[in-house]
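Notes follow the structure.
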Amino acid sequence: MTLKDTISINTTPEKIYEWLMHFVENYKAWHPDHIIAKWIIGINFEKGSILYAEEYIENKIEKLKFRVIENIPNKLLKYKVLFPESLVCSGGSFLIEKSNNQSILTATLSFRLEKVLNSFSKKKIKAFQRHMKEEGENLKKILEK
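Heads up, the sequence shown is in this note's numbering, so the first residue is 22 and it goes up one at a time.
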């Protein structure tokens, strides 16, 4: 199962990408449920870099580690979620596309064990969907100022 959120932002792909390149500095301002983000290996979405992040989902702190697996400047950032969270969530991406005078940002988050998730965690999946949507809306507000 892959969650997907797409939003149009009145800016260039370069500005979105540049904002994401300052992920650690921008993380807390991006969403009120974000606690901390820091690079523990590498920096700024270099391939192989590992990012640690904490955020609230359903009033519970989620502690996540991500390994950057692909970085195409101004276009795509792709990451793999690391163990133990990788047992449930395999990874995600940020895809940036140019469309007329704006950009389309699509965030994805892929989960394993779809049947188990659907049965036991519908509320949690909806919380992740809501969080992703809020992140997109918040980023739009930040970049369109």
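Backbone N, C-alpha and C define an ideal beta-carbon position, used for all residues, glycine too.
Determine the DSSP secondary structure at V45, reduced to helix, strand or coil. In the structure shown, V45 adopts helical secondary structure according to DSSP, grouped into three states.
Just the Cα atoms here: how many angstroms apart are K36 and S107? Roughly 30 Å between the two C-alpha positions.
Taking C-beta to C-beta, are I5 and E91 nearer than 9 Å? Missing from the structure shown is residue 5; the chain here goes from 22 to 166 and no further.
Tell me which residue opens and which closes the beta strand (DSSP E) that F115 is part of. In this chain, the beta strand (DSSP E) harbouring F115 covers C110 to S120.
According to DSSP, is S149 part of a helix, a strand, or is it coil? The sequence as given places Phe at residue 149; Ser does not occur at that position. F149: helix per DSSP, three-state reduction.
Distance, N122 Cα to P104 Cα: In the sequence as displayed, the identity of residue 104 is Phe instead of Pro. In this structure, the CA atom of F104 is about 40 Å from the CA atom of N122.
Three-state class that DSSP yields for I64 in the structure shown: It is coil, neither helix nor strand.
Thinking just about the alpha-carbon of each residue, which of H43, S124 and F66 is nearest to the one in S114? The shortest Cα separation from S114 among H43, S124 and F66 belongs to F66.
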